[in-house]
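Below you'll find the structure, written out as structure tokens, and then a few comments.
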Amino acid sequence: MRGGKAQCGVWTGFCTLLCVLLILDVHGRPANISVLKDKTLNSKEENEILPPDHLNGVKMEMDGHLNRDFNKEVFLGKEIEEFEEDSEPRRNRKKLMDIFQKVDLNHDNSVSAKEMQRWIMEKTEEHFQEAVRENKLSFRAVDPDGDGLVTWDEYRVKFLASKGFNEREVAEKIKNNEELKVDEETQEVLESLKDRWFQADNPPADQLLNEEEFLSFLHPEHSRGMLKYMVKEIVRDLDQDGDKKLTLPEFISLPMGTVENQQAQDIDDDWVRERRKEFQTVIDTNQDGIVTMEELEEYMDPMNEYNALNEAKQMIAVADENQNHNLELEEILKYSEYFTGSKLMDYARNVHEEF
Ligand SMILES: [Ca+2]
Ligand SMILES: [Ca+2]
Ligand SMILES: [Ca+2]
Ligand SMILES: [Ca+2]
Numbered sequence: 001m002r003g004g005k006a007q008c009g010v011w012t013g014f015c016t017l018l019c020v021l022l023i024l025d026v027h028g029r030p031a032n033i034s035v036l037k038d039k040t041l042n043s044k045e046e047n048e049i050l051p052p053d054h055l056n057g058v059k060m061e062m063d064g065h066l067n068r069d070f071n072k073e074v075f076l077g078k079e080i081e082e083f084e085e086d087s088e089p090r091r092n093r094k095k096l097m098d099i100f101q102k103v104d105l106n107h108d109n110s111v112s113a114k115e116m117q118r119w120i121m122e123k124t125e126e127h128f129q130e131a132v133r134e135n136k137l138s139f140r141a142v143d144p145d146g147d148g149l150v151t152w153d154e155y156r157v158k159f160l161a162s163k164g165f166n167e168r169e170v171a172e173k174i175k176n177n178e179e180l181k182v183d184e185e186t187q188e189v190l191e192s193l194k195d196r197w198f199q200a201d202n203p204p205a206d207q208l209l210n211e212e213e214f215l216s217f218l219h220p221e222h223s224r225g226m227l228k229y230m231v232k233e234i235v236r237d238l239d240q241d242g243d244k245k246l247t248l249p250e251f252i253s254l255p256m257g258t259v260e261n262q263q264a265q266d267i268d269d270d271w272v273r274e275r276r277k278e279f280q281t282v283i284d285t286n287q288d289g290i291v292t293m294e295e296l297e298e299y300m301d302p303m304n305e306y307n308a309l310n311e312a313k314q315m316i317a318v319a320d321e322n323q324n325h326n327l328e329l330e331e332i333l334k335y336s337e338y339f340t341g342s343k344l345m346d347y348a349r350n351v352h353e354e355f
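So the sequence shown is numbered by UniProt numbering: it starts at 1 and just counts up by one.
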């Protein structure tokens, strides 16, 4: 574990179908899959014992897609959901002003890159703490006898029960070493979960996961070892020539036949443009046109301070209208959609009322 307990926020909620789709969908990757990730499809109560496909404050999804909400997640921390649900501009503006005061540590009414970096690190830590909190509940659900240790078989029973299998029947069969009749899709998910399960078992491996290990099972971004595992999985999915490195064409490649109309074509073009930019300007740090596992690991590491500073500079650049490399309150209010996801239509009038 890095820094003892680096923690990250649980993003609860895909519907069962979507979750299975995303776990299985390693080769076919439609460019517009983010469309599927519409918030309306989320359901909070399901799959809490399954590793979330989306990790808050991590730059890339487990399926290799860029995390489009990254900047909002690291700017808002655990308040992100509140912002999404609350669409009342007046209240959002007030909240954003409060955040600005806090980011502006030296109270000079201007946010520097350093101040933003510190803020990003703080908010990332907040997601971590959220993950730990939710992990407690998830762990309790898979450890009904409460001895603090979970076997793969115990977890497997809970997983299958969440897929609609009869929990007692499955448990009985596993106990008696009988064959489980599960469909191919479920079997594939099980195998990938099993792989991940044993990766999360810290040495000396005892085939049991305690709460902390279970946390890195659900949240690989917490531990150096699991971060490596996650990167390996992503590279495996994108690497076409098997050299365990990614070229730009490998990184931006799209499956054939996903483009059905002009709208989808536009989404594809945006997707490629964004990915190319990210590859060239951020991930490939030594600029040799190749992304190694090490480079990808640094990129994915939510606690990387250098990444946080870069992100801070990028965020400032987006809204820095007066070009002073700092953010003033008016700039942040004007670009509120970028920082919070919600538009403040009447920002100009309100700002003037305020001052
Ligand atoms: Ca300041
Ligand atoms: Ca390659
Ligand atoms: Ca490189
Ligand atoms: Ca400025």
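In this text, a Cβ means the ideal position worked out from N, Cα and C, and glycines have one as well.
In this structure, what does DSSP give as the bridge partners for residue i?
{"i": "valine 111", "result": "Leu327"}
{"i": "threonine 151", "result": "Leu208"}
{"i": "leucine 246", "result": "Val291"}
{"i": "serine 193", "result": "According to the sequence displayed, residue 193 carries leucine and not serine. Answer is none; leucine 193 lacks a bridge partner."}
{"i": "leucine 66", "result": "Met60"}
Contact check, residue i vs residue j under 8 Å by CB: the rounded distance?
{"i": "glycine 341", "j": "glutamate 84", "result": "6 Å"}
{"i": "isoleucine 234", "j": "glycine 64", "result": "5 Å"}
{"i": "aspartate 69", "j": "methionine 62", "result": "Contact flag wrong, Cβ pair sits at about 15 Å."}
{"i": "valine 231", "j": "glutamate 278", "result": "Valine 231 to glutamate 278, Cβ: 15 Å. No contact."}
{"i": "valine 291", "j": "lysine 245", "result": "7 Å"}
{"i": "arginine 236", "j": "phenylalanine 217", "result": "The Cβ separation is near 19 Å, so there is no contact."}
{"i": "aspartate 145", "j": "isoleucine 174", "result": "Actually they do not touch by this definition, with Cβ atoms about 15 Å apart."}
{"i": "leucine 105", "j": "glutamate 221", "result": "Not quite, the Cβ-Cβ distance comes to about 26 Å (not below 8 Å), so this is no contact."}
{"i": "asparagine 135", "j": "leucine 215", "result": "4 Å"}
{"i": "methionine 300", "j": "asparagine 71", "result": "That belief does not hold up - the Cβ atoms of methionine 300 and asparagine 71 are roughly 16 Å apart, past 8 Å."}
{"i": "leucine 66", "j": "glutamate 274", "result": "6 Å"}
{"i": "glutamate 312", "j": "alanine 113", "result": "The sequence given here places alanine at residue 312; glutamate does not occur at that position. Going by Cβ atoms, the distance from alanine 312 to alanine 113 rounds to 5 Å, so yes, they are a contact pair."}
{"i": "leucine 344", "j": "asparagine 92", "result": "6 Å"}
Please list, in chain order, all residues of the same chain as residue i whose beta carbon is under 7 Å from its beta carbon, the five residues on each side excluded.
{"i": "tryptophan 119", "result": "Val103"}
{"i": "glutamate 213", "result": "Ala200, Asp201, Asn202"}
{"i": "arginine 276", "result": "Leu248, Ile252"}
{"i": "glutamate 167", "result": "Val157, Ala161"}
{"i": "isoleucine 80", "result": "Lys72, Glu73"}
{"i": "lysine 163", "result": "Thr186"}
{"i": "proline 302", "result": "Cys8, Gly57, Val58, Thr124, Glu221"}
{"i": "alanine 317", "result": "none"}
{"i": "glutamate 250", "result": "Leu238, Asp239, Gln240"}
{"i": "asparagine 210", "result": "Gly148, Leu149"}
{"i": "leucine 21", "result": "Residue placement at leucine 21 cannot be trusted, given a pLDDT of 43 that sits under 50; the coordinates are not used to answer."}
If you drop the 5 nearest sequence neighbours on each side, which residues of the same chain put their C-beta closer than 6 Å to that of residue i?
{"i": "valine 142", "result": "Ile49, Val150, Tyr155, Lys158"}
{"i": "lysine 123", "result": "Val74, Gly77"}
{"i": "serine 138", "result": "Glu48, Ile49"}
{"i": "alanine 308", "result": "Gln117, Ile120, Met121"}
{"i": "aspartate 38", "result": "With a pLDDT of 39 at aspartate 38, under the threshold of 50, the modelled position of this residue cannot be trusted; read the value that follows with caution. Closer than 6 Å at the Cβ level, and outside the excluded window around aspartate 38, lies no residue."}
{"i": "arginine 2", "result": "Summary for arginine 2: the model assigns pLDDT 40, below 50, so the residue's position carries little reliability, and this model does not support an answer."}
{"i": "arginine 90", "result": "none"}
{"i": "glutamate 126", "result": "Gly77, Lys78"}
Given residue i, which residues of its chain have a CB within under 8 Å of its CB, disregarding the five upstream and five downstream residues?
{"i": "alanine 319", "result": "Leu327, Glu331, Ile332, Lys334, Tyr335, Tyr338, Phe339"}
{"i": "residue 356", "result": "Only positions 1 to 355 of the chain appear in this structure, which leaves residue 356 out of reach."}
{"i": "arginine 140", "result": "Gly146"}
{"i": "glutamate 88", "result": "none"}
{"i": "leucine 180", "result": "Leu160, Val170, Lys173, Ile174"}
{"i": "lysine 228", "result": "Met293, Glu297"}
Are three or more beta carbon pairs between the segment 146 to 159 and the segment 196 to 208 nearer than 8 Å?
-> yes
May I ask you to verify whether the segment 325 to 335 touches the segment 97 to 112, counting CB pairs closer than 8 Å and requiring at least 3?
-> yes
Inside the segment 124 to 182 only - alpha helix (DSSP H) runs reaching at least 4 residues | 152 to 162, 167 to 175
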